[in-house]
Every structure is written in structure tokens, then in C-alpha cells.
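Peer 1:
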Amino acid sequence: MARPSALSLASDEELIAEFCHGDRELAAAQFVRRYQRFVYSIAYRYLGRYEDAQDAAQEVFLKAFEHLPRFERRSSLRTWLYRITVRVALSMLRQRKRAQWLRWEEAFADGEEPHASTPTPEQLHEREEFERYFHRLLASLPEKQRETFVLRYIEGLSYEEISQMLGTSIGGLKANYFLAVRKLARALLNGPYGEYFRQALSRGNDSASADNLQP
Amino acid sequence: MTPRQQTTYSRRDLELLLPDYALGRLSAEEAHRVAEALQAHPDLAAEAEMLRAIFQRLETTGYMRELERQSSTLSVQVLNRWKSQRQQPSWQRLAWLLLPTLGLLLLLLWWSPSWVPLSDPPTVEHVHSVMFSQEAGVPYADGLVTFTYWSSGVPPVVPVLPSQPISQRELEELLNSLPEIEVSDAAAPYAP
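Residue numbers (our numbering), protein chains in the order written: chain A, 69 to 283; chain B, 98 to 289.
1. Are the region 239-259 of chain A and the region 104-118 of chain B in contact at 8 Å, needing three or more beta carbon pairs?
2. I think A/Leu-209 touches A/Phe-217, with their Cβ atoms under 8 Å apart; what is that distance to the nearest whole Å?
3. Quick check on the burial criterion: 16 or more other C-beta atoms within 10 angstroms. Buried or exposed for B/Trp-179?
4. Roughly how many angstroms separate the alpha carbons of B/Leu-202 and B/Gln-182, rounded to a whole number?
5. What's the gap between the Cα of B/Arg-149 and the Cα of A/Pro-260?
6. Counting only runs that start and end within the region 133-165 of chain A, where is the alpha helix (DSSP H) found for 4 or more residues in a row?
7. Going along chain A, which residues have a C-beta under 7 Å from B/Ser-124?
8. Over what stretch of residues does the alpha helix (DSSP H) that includes A/Thr-216 continue unbroken?
9. Rounded to whole angstroms, what is the Cα-Cα separation between B/His-129 and A/Asp-91?
10. Leaving aside the five residues before and after A/Arg-166 along the sequence, list all residues of the same chain whose C-beta is less than 8 Å from its C-beta, in chain order.
11. So is B/Tyr-106 in contact with chain A if we call contact Cβ pairs under 8 Å?
12. Quick check: is the beta carbon of A/Glu-199 nearer than 8 Å to any beta carbon in chain B?
13. Is the separation between the beta-carbon of A/Thr-153 and that of A/Val-100 shorter than 8 Å?
14. Here's a check: name, in chain order, each residue in its chain whose Cβ is nearer than 6 Å to the Cβ of A/Asp-80, leaving out the five neighbours to either side.
15. Under a CB-based cut-off of 8 Å, is B/Trp-179 close to chain A?
16. Note down, in chain order, each residue of its chain lying with its Cβ closer than 8 Å to the Cβ of A/Leu-206, except the 5 sequence neighbours on either side.
17. Pick out whichever of A/Ser-226, A/Ile-230, A/Leu-256 has its Cα sitting closest to the Cα of B/Ser-124.
18. Indicate the three-state DSSP secondary structure (helix, strand or coil) for B/Glu-163 in the structure shown.
19. Can you pull out the residues from the region 113-133 of chain A whose beta carbon lies closer than 8 Å to at least one beta carbon of chain B?
20. Considering only their Cβ atoms, is the gap separating A/Tyr-201 from A/Arg-220 smaller than 8 Å?
21. Could you please tell me which residues of the region 88-110 of chain A, in chain order, have their CB closer than 7 Å to any CB of chain B?
22. Could you list which residues in chain A have their beta carbon closer than 7 Å to that of B/Pro-116, in chain order?
23. What does the alpha-carbon distance come out to for the pair B/Thr-243 and B/Ser-209?
24. Is the CB-CB distance between A/Ser-109 and A/Glu-223 below 8 Å?
25. Give me, in chain order, the residues of the same chain whose beta-carbon lies closer than 7 Å to that of A/Gln-232; leave out the 5 immediate sequence neighbours on both sides.
26. Roughly how many whole angstroms lie between the Cα atoms of B/Ile-151 and B/Arg-166?
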């Protein structure tokens, strides 16, 4: 029988089958690559630190490998991973005695992110500064709006998937998403990078470049 | 009726569809219907344009760059940890199973009464003391000899029934001989 290549494991079903009955390492590698950004991103939203998100994400995948043969397919693999990630992240938060989600904002306080150790050109540094600013904006949203925005806009999930993950009705999710998008847009327009975003309104985005991304 | 089948939308419906419309997440058919409905709500149409412009510009900032960079090495780290876990010697994993089982077994044996090493019941026991009591009015005839055993502490009673009345001398001889008597298994029914 032909050995499956990484690319041939197109669906989650194939991936699970390969993990359980075939080449475990091949399936595991693809499994992580497929979901690493998703898991990392969710962990980061909870923990607010790259190093903690890294630890949490590793833990999530090791747990997933352990339980994957018993995965009951009552939800999608992504939803299942989301739940594991949230559990692991909350457990880490408890360990840090930082059970309050709102504390997440503190993690994004100026100077806490470990960027200083990596020398970057000025433009890249400015983009990193903006990235931190944007994550702080996200952190300022109410929890439900933030989660919905991250899962819908950043992770590109369907409302059905998000509804399964968060246990919220689709109507409620759409309302949260609308509020989050509106608040973020207004904050971007009126914040320290407002000029950059106002240009998009006056000149359009055809020649948009992050080169002049300055507060 | 689902939104997909709707031909007109309320203002509230439009608001809920606005982000997906502005950010290009609706099907072409539904986007067309929303665009038509927005003609009746110019303020929402303007907001949709604003959202589209802002979020398109947001995409140029690479606002997820660091997060993506951080997560890009995750697969290597996870797989290394996973492999090292799997490569643990099998005896080591077996030990994790066997040790608690063994401990439990020892605990059960320790608590079990059968664990206390019991000696077999003595087949021969030395008489500790002897007492002869005469029946009233029957001198040196029927009497009772009480044996006290070392181990039991409860003296069994063994009747001594001489066939003939015995003299004082015979009684003394009997008493003198008794400490030498060894009680065999035959006395076991009297044991507690």
C-alpha cells in the first residue's frame, strides 16, 4: 500500500485514522502544523505572554496525542482542541494565581513583551509596537466580544464552529462580532495610529504600506 | 425563514451582517442582497465602507506577525517532547504500573490476619499445674484433675476415674507423676 504523504492527509478524519492505525509521527507532525497557530493564538489570548502560550500549546498537543485515539467526533477537531487549550490555559492561570481574565490586559502592559532581546530594523520595530498596541486594544474588549472576534476574524471560523466552542447562539455571536468590529475600527481611527487609518478612508488602500505606520 | 432566503433585511439584521459583508465573508449572492438593502440605510452603508477600509489597512500592518513567528517553531518542539516521552524504556513505563500494584498487594497482605505468622497448635503440651479435688464423702475415689496449659490459659477439666479407691500413698504417687504427664492431641477437644 502506498505510504501517505503529509499532503495526502487532507481531512481531519484521515489524519485521525493515520494517527491511530498508520504512521503516527507523520500524522502527529501534520496535526501540529495544521493547528499550531490556532492553539497558540488561543493560548496567547488567555495568557498574554508568548512564553506561557508556548508552554501551554505544547501541553495541549501532548494531551491531544494522548487522547486522540479516543476522540469521539462529537465535535470538530478544532473545537475539541479549543476546549483543551482553554482548560490548559485556565489551569496555568490558576497556577499563576491569575484567574481573572481581565488580568490579561496587564500582560500587555508596555515593556512586558520580550522584544528587546531581538534587534530589529526600525520599521519592523514599529510594526511590533503596533502589534502590541493592537493586542492591547483586543484586550480592552469585553470577553465575549474578544473571543468572538479572535475566532471569527483572526482564525476565520464559521459561526457554527464558534457557537459549539463558546456555547453561544449564532445570533448572539453575530451581535458580539458586530460590536467588536465597530469598537476596534473606531479605536483604530481615534487612537495613536489614527492618522495611518484615516489615510485609508481618504486615499483608499490601493497603495497602503506599513512603512508609515507611526503613532 | 433564514437570512439566506430573505430578500429584505431589517436594520438589525443588516447590523449583524455588516462585519461579514464589509470584510468579504458573505457569499456573492448574499452580499448582493445586503448591498441592495443597505441603499435604504446610508449610515450603515457608510459604516460598512469605513470597516472595509480600516480592516484592509489593518491587514497591511502584519499585526499577527510576531504571534505567527512564535508559533512557527511549535511543531518541532512538540514533536521532540512527544518522541522523548514515547522513547522512555518500556520497563520504566511498566514500573509505573507495577509499583503501585505491588504496594497495594503488600498493604493488603499486611492487613490480612493470615499474614500474622501463626504457629501450629501444639501436638504436645506440658502440664503447667495440676489440682486434685476430692468429691465430698468419697475419699481417694473419684476426683477431678484440672490441667492448666501454658498456651490456652483456660484449664480444661479432665475427670480421673480410678476403678478402685486409691490410698493416700497412691494419691501422692499420682500427684507426683502428674507433672510428668504430657497431654497429647487427645486433649484437644478441651482446648478453647
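The beta carbon of each residue, even a glycine, is placed where N, CA and C say it ideally should be.
Because the structure is a prediction, the values reported are computed rather than measured.
Peer 2: Inspection of the coordinates gives the following:
1. They touch, by the three-pair rule.
2. The sequence position of residue 209 of chain A within the first sequence is 141, counting from 1. The sequence position of residue 217 of chain A within the first sequence is 149, counting from 1. Their Cβ separation, rounded to whole angstroms, is 7 Å, which keeps A/Leu-209 and A/Phe-217 in contact under 8 Å.
3. In the second sequence, residue 179 of chain B corresponds to position 82, counting from 1. By the 10 Å Cβ count, B/Trp-179 comes out buried.
4. Mapped onto the second sequence, residue 202 of chain B falls at position 105. Mapped onto the second sequence, residue 182 of chain B falls at position 85. Taking the straight line joining both Cα atoms gives about 28 Å.
5. Here residue 149 of chain B is taken as the residue at index 52 of the second sequence, counted from 1. Here residue 260 of chain A is taken as the residue at index 192 of the first sequence, counted from 1. CA-CA distance, B/Arg-149 to A/Pro-260, rounds to 20 Å.
6. Fully enclosed alpha helix (DSSP H) runs of no fewer than 4 residues occupy 145-163 of the region 133-165 of chain A, in order along the chain.
7. Numbered from 1 along the second sequence, position 27 holds the residue referred to as residue 124 of chain B. Per Cβ cutoff of 7 Å: no residues; B/Ser-124 is ~13 Å from chain A at best.
8. To locate residue 216 of chain A, count along the first sequence from 1; it is residue 148. Boundaries of the alpha helix (DSSP H) harbouring A/Thr-216: 211-217, taken from the DSSP string.
9. What you label residue 129 of chain B is simply residue 32 of the second sequence in a count that begins at 1. What you label residue 91 of chain A is simply residue 23 of the first sequence in a count that begins at 1. B/His-129 and A/Asp-91: Cα-Cα distance of roughly 47 Å.
10. As a position in the first sequence, residue 166 of chain A is number 98, starting the count at 1. Note that A/Arg-166 has pLDDT 47, beneath the 50 cutoff, so the model's placement of it is unreliable and the number below is only indicative. Nothing meets the Cβ criterion.
11. Looking up residue 106 of chain B in the second sequence gives position 9. Not closer than 8 Å to any Cβ of chain A, the Cβ of B/Tyr-106 fails to qualify, so no.
12. Counted from its first residue, the first sequence places residue 199 of chain A at position 131. Taking Cβ atoms only, chain B reaches closer than 8 Å to A/Glu-199, which makes this a yes.
13. Indexing the first sequence from 1 puts residue 153 of chain A at position 85. Indexing the first sequence from 1 puts residue 100 of chain A at position 32. In this structure, A/Val-100 does not lie closer than 8 Å to A/Thr-153 by Cβ.
14. In the first sequence, the residue the question calls residue 80 of chain A occupies position 12. Correct list, in chain order: Leu-145.
15. Counting from one through the second sequence, the residue named residue 179 of chain B turns up at place 82. When Cβ-Cβ separations below 8 Å define contact, B/Trp-179 makes contact with chain A.
16. To locate residue 206 of chain A, count along the first sequence from 1; it is residue 138. Excluding sequence neighbours, A/Leu-206 sits near Arg-113, Arg-214, Phe-217, Val-218, Leu-252.
17. Along the second sequence, read from residue 1 onward, the residue named residue 124 of chain B stands at position 27. Per the Cα distances, A/Ser-226.
18. Counting from one through the second sequence, the residue named residue 163 of chain B turns up at place 66. Assignment of B/Glu-163 by DSSP, reduced to helix, strand and coil, places it in the helix class.
19. Within the region 113-133 of chain A, the residues whose Cβ lies closer than 8 Å to some Cβ of chain B are Tyr-118, Ala-121, Gln-122, Ala-125, Gln-126, Phe-129, Leu-130, Phe-133, listed in chain order.
20. Taking the first sequence and counting its residues from 1, one reaches residue 220 of chain A at position 152. Taking the first sequence and counting its residues from 1, one reaches residue 201 of chain A at position 133. At a Cβ-Cβ threshold of 8 Å, A/Arg-220 and A/Tyr-201 do not count as neighbours.
21. Residues are counted here when their Cβ sits less than 7 Å from a Cβ of chain B; for the region 88-110 of chain A these are Ala-96, Ala-97, Val-100, Arg-101, Gln-104, Arg-105, Tyr-108, Ser-109, given in chain order.
22. Position 19 of the second sequence, counting from 1, holds the residue named residue 116 of chain B. Per Cβ cutoff of 7 Å: Tyr-245, Phe-246, Val-249.
23. Within the second sequence, numbered from 1, the residue matching residue 243 of chain B stands at position 146. Within the second sequence, numbered from 1, the residue matching residue 209 of chain B stands at position 112. Confidence is the limiting factor: at B/Thr-243 the pLDDT is only 49, short of 50, which leaves the residue's position unreliable and the question unanswerable from this model.
24. The residue labelled residue 109 of chain A in the question sits at position 41 within the first sequence. The residue labelled residue 223 of chain A in the question sits at position 155 within the first sequence. With contacts defined by Cβ atoms closer than 8 Å, A/Ser-109 and A/Glu-223 form a contacting pair.
25. Start at 1 with the first residue of the first sequence, and residue 232 of chain A comes out as number 164. Same-chain partners within the cutoff: Ser-143, Thr-147.
26. Counted from its first residue, the second sequence places residue 151 of chain B at position 54. Counted from its first residue, the second sequence places residue 166 of chain B at position 69. Going by the C-alpha atoms only, they are around 24 Å apart.
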